[in-house]
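What follows is one structure encoded as structure tokens, with my remarks underneath.
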């Protein structure tokens, strides 16, 4: 629901639709509520005025407001409407730039279904402890298992993320097995961690704070490059020291490296 959204022009709504399509949706539907109380949208005749009225009551939308909808898979719809919400907030000047709204994000899913690979995969951090431990891995639907992961968010920007480490080898093996990785693969890729845990590593957790992001928000600066001490440009170059620089053939030979890319002849 967008307060004052009925003031949006047809061009404004088309731009919001374009933004939704960039995020992977086919588009978004909108209903503008005129000052007269009339519902201005072609989809009203399909939904029925009674349903639209109940939707408006549920969303707290009144005269002069607008409602936006997206019908898609949950993950796509959430991503799309998140961006639509930001676009509407900026366009309608609904964002209070003086407010510092903190939020803890918890209860991340341990696993998710990978549509591309058609299999269960890790949702985010494969090394975090599943809530419920081994019992959850053995007895629950993988898609219902939550992880001890957490984020701190300020004004919609992630400031810090972390987790409780999975420090029990048996639980780690089982978690990777659910995601399709056998013990041999785990030993090859993460054998050093398994070995450390077998010596009795205690339960531990932590997170990595994004100090530069915090300063960026405190200064209401839209670009983190203005906060970073030595920012890289759009080509990932660091102008102050001129890195990355060219390496000599001798250096490549010492490391047994070969560059196999087109040479810029200009």
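Numbering (the working numbering), first residue to last: 2 to 267.
Positions of the beta carbon are idealized from the N, C-alpha and C atoms, including for glycine.
It should be emphasised that the depicted structure is a prediction, and the values quoted were computed from it without experimental measurement.
Rounded C-alpha distance that separates residue i from residue j
| i | j | result |
| --- | --- | --- |
| residue 150 | residue 71 | 28 Å |
| residue 211 | residue 116 | 31 Å |
| residue 191 | residue 172 | 14 Å |
| residue 198 | residue 170 | 6 Å |
| residue 217 | residue 106 | 21 Å |
| residue 205 | residue 165 | 6 Å |
| residue 253 | residue 80 | 43 Å |
| residue 153 | residue 118 | 30 Å |
| residue 20 | residue 189 | 43 Å |
| residue 227 | residue 234 | 11 Å |
| residue 222 | residue 231 | 16 Å |
| residue 24 | residue 84 | 8 Å |
| residue 37 | residue 52 | 18 Å |
| residue 208 | residue 160 | 10 Å |
| residue 229 | residue 213 | 7 Å |
| residue 56 | residue 89 | 19 Å |
| residue 97 | residue 195 | 48 Å |
Identity of the residues DSSP links to residue i by a beta bridge
| i | result |
| --- | --- |
| residue 154 | 104, 159 |
| residue 259 | Answer is none; residue 259 lacks a bridge partner. |
| residue 246 | In DSSP, residue 246 forms no bridge with anything. |
| residue 148 | 109, 131 |
| residue 166 | 129 |
| residue 239 | 244 |
Closer than 8 Å to chain B by CB, residue i
| i | result |
| --- | --- |
| residue 22 | Looking at the structure shown, chain B is missing, and only one protein chain is on hand. |
Three-state secondary structure (DSSP) of residue i
| i | result |
| --- | --- |
| residue 113 | strand |
| residue 209 | strand |
| residue 41 | strand |
| residue 224 | coil |
| residue 33 | strand |
| residue 122 | strand |
| residue 2 | coil |
| residue 67 | strand |
| residue 46 | helix |
| residue 177 | helix |
| residue 99 | coil |
| residue 88 | helix |
| residue 219 | helix |
| residue 184 | helix |
| residue 251 | helix |
| residue 13 | helix |
| residue 138 | helix |
| residue 202 | coil |
| residue 143 | helix |
| residue 229 | coil |
| residue 19 | helix |
| residue 1 | Nothing about residue 1 can be read from this structure; the chain reaches only from 2 to 267. |
Per-residue burial, residue i [other beta carbons within 10 Å of its own, 16 or more giving buried]
| i | result |
| --- | --- |
| residue 240 | exposed |
| residue 62 | buried |
| residue 256 | exposed |
| residue 138 | buried |
| residue 6 | buried |
| residue 42 | buried |
| residue 124 | buried |
| residue 112 | buried |
| residue 242 | exposed |
| residue 22 | exposed |
| residue 108 | exposed |
| residue 31 | buried |
| residue 177 | buried |
Cβ distance (whole Å) where residue i is taken to contact residue j below 8 Å
| i | j | result |
| --- | --- | --- |
| residue 128 | residue 167 | 6 Å |
| residue 2 | residue 68 | 5 Å |
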